[in-house]
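So the sequence shown is numbered by this note's numbering: it starts at 41 and just counts up by one. Cβ coordinates follow ideal geometry from the N, Cα and C atoms, glycine included.
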Amino acid sequence: MTRTILLTGASGTLGRMLAPRLARKGYALRLSDITAFPDPLPEGSTFVPADLRDEAAVRELMQGTHQIVHLGGISVEKPFRPVLDANILGLIHLFEAARQDRQRIVFASSNHAIGFYERGEKLSVRDPMRPDGYYGLSKAYGELLARMMFDKHGLESVHMRIGTCIPQPTEARHLSTWLSHDDLERLVIAALEAESPGHAIVWGVSANRQSWWGEDDAARIGYVPQDDAERFAPLPEEGDAVTRRFQGGSFTAQDYTKGD
Ligand code: NAI
Ligand code: 15L
Numbered sequence: 041m042t043r044t045i046l047l048t049g050a051s052g053t054l055g056r057m058l059a060p061r062l063a064r065k066g067y068a069l070r071l072s073d074i075t076a077f078p079d080p081l082p083e084g085s086t087f088v089p090a091d092l093r094d095e096a097a098v099r100e101l102m103q104g105t106h107q108i109v110h111l112g113g114i115s116v117e118k119p120f121r122p123v124l125d126a127n128i129l130g131l132i133h134l135f136e137a138a139r140q141d142r143q144r145i146v147f148a149s150s151n152h153a154i155g156f157y158e159r160g161e162k163l164s165v166r167d168p169m170r171p172d173g174y175y176g177l178s179k180a181y182g183e184l185l186a187r188m189m190f191d192k193h194g195l196e197s198v199h200m201r202i203g204t205c206i207p208q209p210t211e212a213r214h215l216s217t218w219l220s221h222d223d224l225e226r227l228v229i230a231a232l233e234a235e236s237p238g239h240a241i242v243w244g245v246s247a248n249r250q251s252w253w254g255e256d257d258a259a260r261i262g263y264v265p266q267d268d269a270e271r272f273a274p275l276p277e278e279g280d281a282v283t284r285r286f287q288g289g290s291f292t293a294q295d296y297t298k299g300d
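Written out as structure tokens, the structure is:
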């Protein structure tokens, strides 16, 4: 049976990069976004527009799909209301639809779920989350929602706590947070293909020599990153003192009023 993978957020930066790569690997894709897919459709793909805020539209979107790679939603720090609508309600709609026929979800979580740890602190995915804003909070919510969905309904999910997924690192922080495009592809494929991931959390990061992120479920799902940001070192420090202090970088400095 051919599996159909739903890719939300397909028209965004990572979606546009990932869709043709997954198609080349032979996956049948149902691409979706609130905005049109701006590129020619990869072979074996269809595009279905949907707003994640619309529960019925999400349910409809997931008819006949088998697994979901969920990249859609707000991807930067914003006020709570839009984050609540697109990210938190969007997640509820997606997980509720997925649990009907146990469609595995591969979720683009973010380092902003732990952004308020100081740089240099080595973290495990079991460490308490320290979101650095409403956006990071929505990612923390997604990981926890999925924990409940696995414990209560057996719905499997893999959470990619992505650092900075860009073609090549450009600032000092990226020497720790960089995820290459090739490694993202490896991670998504590992998450889709893993035998029984249960509820897995994996740092979405390359094999960076200066990584702050350690223990996770990468081995359990078979993710082995190949790239290392170190070959671009040294890179310049950017931003103010708060940005330079915390792992979440500039997101932590937005509306920061603590004063120390
Ligand atoms: P992006 O902002 O380029 O793409 C997000 C897509 O979601 C957009 O095409 C947008 O139209 C769509 N979207 C927004 N609201 C929607 C709604 N209500 N209904 C349907 N679609 C909606 O973000 P990017 O960089 O491609 O990231 C993809 C995912 O990965 C996001 O979830 C982001 O939070 C996560 N991530 C990305 C990182 C990176 O380095 N690019 C780092 C950590 C996490
Ligand atoms: C994210 O979660 C954002 O979606 C992305 O745009 C980057 O800012 C990234 O984190 C980062 O922390 O570098």
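Taking the beta strand (DSSP E) that residue i falls in, what are its first and last residues?
i	result
HIS106	Note, HIS106: premise wrong, no beta strand (DSSP E); not H, not E.
VAL242	239-244
PHE272	First-last for PHE272: undefined, no H or E at that position.
Hey, would you say residue i sits closer than 7 Å to residue j, going by beta carbons?
i	j	result
GLY203	LEU219	yes
SER149	ARG201	yes
THR86	ARG64	no
PRO3	ALA247	This structure cannot speak to residue 3, because the chain is shown only from 41 to 300.
SER178	ASN127	yes
VAL242	TYR263	yes
THR297	SER290	no
PRO209	PHE272	yes
MET189	LEU195	yes
LEU275	GLU233	no
ALA68	THR44	yes
How many whole angstroms separate the CB atoms of residue i and residue j, which I take to be in contact at a CB cut-off of 8 Å?
i	j	result
MET165	ILE108	Note on residue identity: the sequence assigns Val, not Met, to residue 165. With 8 Å as the limit, VAL165 and ILE108 do not qualify as a contact, their Cβ atoms being about 21 Å apart.
PRO171	HIS152	6 Å
ALA59	PRO82	5 Å
LEU215	ALA269	5 Å
GLY49	LEU111	3 Å
PHE156	GLY288	7 Å
Per DSSP, what kind of secondary structure is residue i in: helix, strand or coil?
i	result
ALA68	strand
VAL228	helix
SER149	strand
ARG144	strand
ILE27	Nothing can be reported for residue 27: it is not among the residues displayed for the chain, which extend from 41 to 300.
THR86	strand
In the DSSP assignment, find the unbroken alpha helix (DSSP H) run with residue i in it and report its ends.
i	result
PHE324	Absent from the structure is residue 324, since the part of the chain shown begins at 41 and ends at 300.
MET301	Coverage of the chain is limited to positions 41 through 300, which leaves residue 301 absent and any answer about it impossible.
LEU101	95-101
VAL198	VAL198 -> not in any alpha helix (DSSP H); beta strand (DSSP E) instead, spanning 197-202.
LEU215	214-217
THR292	290-293
- Message: If you measure from each CB to the nearest heavy atom of the ligand 15L and keep those under 6 Å, what residues do you get, in chain order?
- Response: SER115, VAL116, SER150, ASN151, HIS152, THR204, THR217, GLY289
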